[in-house]
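Peer 1:
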Amino acid sequence: MDTTGTMETVKAPTIQVVEEQKPDPDRAILESLRPTLYACTSVQRMNGGLLNATYRGSLINPLQNGRCTVIIKHSEEKDPNIPQFTLSLTRCLTEQAILRGLGGTPSHQVQHKQISIQVPQFYHYLPDQHTQIFEDVSPEGTLHDFLTSAAAEELINSSTAMVLGEALGSWLSRFHAWSKTPVDADLWNIIEQNSNGFDRDLRDFRFHKLLAIQKECGSEHLAHYAALMHSREFGRKDIVVHGDFSSRNILIQNPPSIDEEKDTCLAVIDWEACCLGDNTRDLAEMVADLYMKNILYGSKVALSMIEGLISTYPPLDEEAAHRTVAQIGENFFYWNLYAPTCTDKQESELVQLGIDLIDKGYSRQRDEAHPAYSMTWYYNFGN
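Take the sequence shown: its letters are residues 1 to 383, numbered as in the UniProt record's numbering.
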């Protein structure tokens, strides 16, 4: 049968390609805030750190104190790209608990000459989203950003840098003095949970890092130090510490005005690593941070700040001094937290210096002829 001209052309079915819609984290944050007093018109992404996303939110309605912005911190337990790496969400409960607990204590706000240091106010927590809302203390940025900028060496002379370091030492001494007093039982229990949660995760990471370096250098002292650190046996474990006390977690307000005549405000932020430990942990991290700024950025301001820091922190006994030296050494291994890159020579110098300081600090040796002990800050400990 001839069907020419009688068959209809059959069209191929139209295939629609539907692109998978990726979740918009900014919109998710806005939606989570909508039913709260902190509903925002927009959020601006800021540096968040590992497994955190931090935003500055512009409020629909100003707060009673007149503030129009807040800081929003969203935390995750895991990163899909690093499935084997976990950071306990106990850190969220701890951060808000310690900020509440510090209200009204001597370390809540400290004035030293023209420098004032405070801790931000905690506003609200969304437990289902693991999202915290804080006071927006300073829009200018961190002390780390300022000290690593070219402007720092121009704006700060050595005497002003000393005062800046003195203020940090004064604040830290008051915080540790409070932490050695009887702390509210509920707050203590929350911080202890973080010591066995978030801080344990960090200790696991540090332990494997130290063992990898020990395998290369063969230092027995480094292996022993790593084991004690991992088991929380290196020093005391009953003092509330910040846990990540570095210039990366210090905000500075209006840095261009910092001189002997004008006031400057600092704020200590990022309390999620707060745990029970030895007070030398906080001191060691800040000293290492500032010394690395000299090695990596050539900052002379940072060296003057170290001198000021240790001049206002209470003198350490011999054992505490050696613990501090060893922990300063360990911090040098994490130089990439403080600089995006460095030369092979700089990295080699920092790693070797770290090994030397752990060796001498762990073995409790004062080897004044050793290059690692030529740093002026060492002689202030225990004196």
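No residue lacks a Cβ here, since even glycine has one placed at the ideal position from N, Cα and C.
1) Would you mind giving the Cβ-Cβ distance between Ile269 and Leu283, rounded to the nearest angstrom? I have them listed as a contact below 8 Å.
2) Using a threshold of 9 Å, state whether the C-beta atoms of Leu290 and Gly165 are closer than that.
3) Going by the DSSP bridge assignment, what does Asn52 pair with across the sheet?
4) When the Cα of Met162 is compared with those of Lys300, Leu30 and Pro106, which residue comes out closest?
5) Could you please give the first and the last residue of the uninterrupted alpha helix (DSSP H) stretch that includes Gln132?
6) What whole-angstrom Cβ distance do Ala167 and His112 have, given they're in contact under 8 Å?
7) For Val17, which residues of its own chain have a beta-carbon under 7 Å away from its beta-carbon, when the five flanking residues on both sides are left out?
8) Give the single residue among Asp136, Ile191, Gln114 and Val240 whose Cα lies nearest to the Cα of Lys73.
9) So for His322, helix, strand or coil by DSSP?
10) Classify Pro182 as helix, strand or coil using the three-state DSSP reduction.
11) Is the separation between the beta-carbon of Gly361 and that of Ile213 shorter than 9 Å?
12) Please state whether the Cβ-Cβ distance between Thr94 and Trp335 is less than 9 Å.
13) Looking at the unbroken alpha helix (DSSP H) that takes in Leu93, where does it start and where does it end?
14) Let me know if Asp356 comes out buried or exposed under the rule of 16 or more other beta-carbons within 10 Å of its beta-carbon.
15) Going by DSSP, what residue range makes up the beta strand (DSSP E) through Tyr125?
16) With a cut-off of 8 Å, do at least 3 Cβ pairs link the segment 313–331 to the segment 181–195?
17) Within 10 angstroms of its Cβ, does Gln64 collect 16 or more other Cβ (buried), or is it exposed?
Peer 2: To lay it out plainly:
1) Working through the sequence shown from its first residue, we reach residue 269 at position 269. Working through the sequence shown from its first residue, we reach residue 283 at position 283. With a Cβ gap of about 18 Å, Ile269 and Leu283 do not count as contacting.
2) Residue 290 sits at position 290 when you count from the first residue of the sequence shown. Residue 165 sits at position 165 when you count from the first residue of the sequence shown. Yes, the Cβ-Cβ distance between Leu290 and Gly165 is below 9 Å.
3) Position 52 of the sequence shown, counting from 1, holds the residue named residue 52. Answer is Ser75.
4) Taking the first residue of the sequence shown as 1, we reach residue 162 at position 162. It is Lys300.
5) Walking along the sequence shown from the start, residue 132 turns up at place 132. Taken as a continuous stretch (DSSP letters only), Gln132 belongs to no alpha helix (DSSP H), being part of the beta strand (DSSP E) at Thr131 to Glu135.
6) As a working mapping, residue 167 is identified with position 167 in the sequence shown. As a working mapping, residue 112 is identified with position 112 in the sequence shown. Confirmed, Cβ separation roughly 4 Å.
7) Stepping through the sequence shown from its first residue, residue 17 is reached at position 17. Because Val17 sits at a pLDDT of 45, beneath the cut-off of 50, its placement in the model cannot be relied upon, and the point is left open.
8) Indexing the sequence shown from 1 puts residue 73 at position 73. Taking only the C-alpha atoms, the option nearest Lys73 is Asp136.
9) Taking the first residue of the sequence shown as 1, we reach residue 322 at position 322. Note: His322 maps to helix in three-state DSSP.
10) Counting from one through the sequence shown, the residue named residue 182 turns up at place 182. Coil, per DSSP.
11) Counting from one through the sequence shown, the residue named residue 361 turns up at place 361. Counting from one through the sequence shown, the residue named residue 213 turns up at place 213. No, the pair does not count as a contact, with Cβ atoms beyond the cut-off.
12) In the sequence shown, the residue the question calls residue 94 occupies position 94. In the sequence shown, the residue the question calls residue 335 occupies position 335. Cβ distance not < 9 Å, so Thr94 and Trp335 don't count as in contact.
13) In the sequence shown, the residue the question calls residue 93 occupies position 93. Element bounds for Leu93: Thr90 to Leu102.
14) Here residue 356 is taken as the residue at index 356 of the sequence shown, counted from 1. Asp356 is buried by the Cβ-count criterion.
15) Taking the first residue of the sequence shown as 1, we reach residue 125 at position 125. Tyr125 -> beta strand (DSSP E) spans Phe122 to Leu126.
16) no
17) As a first step, residue 64 is located in the sequence shown; it is residue number 64 there, counting from the start. It counts as exposed.
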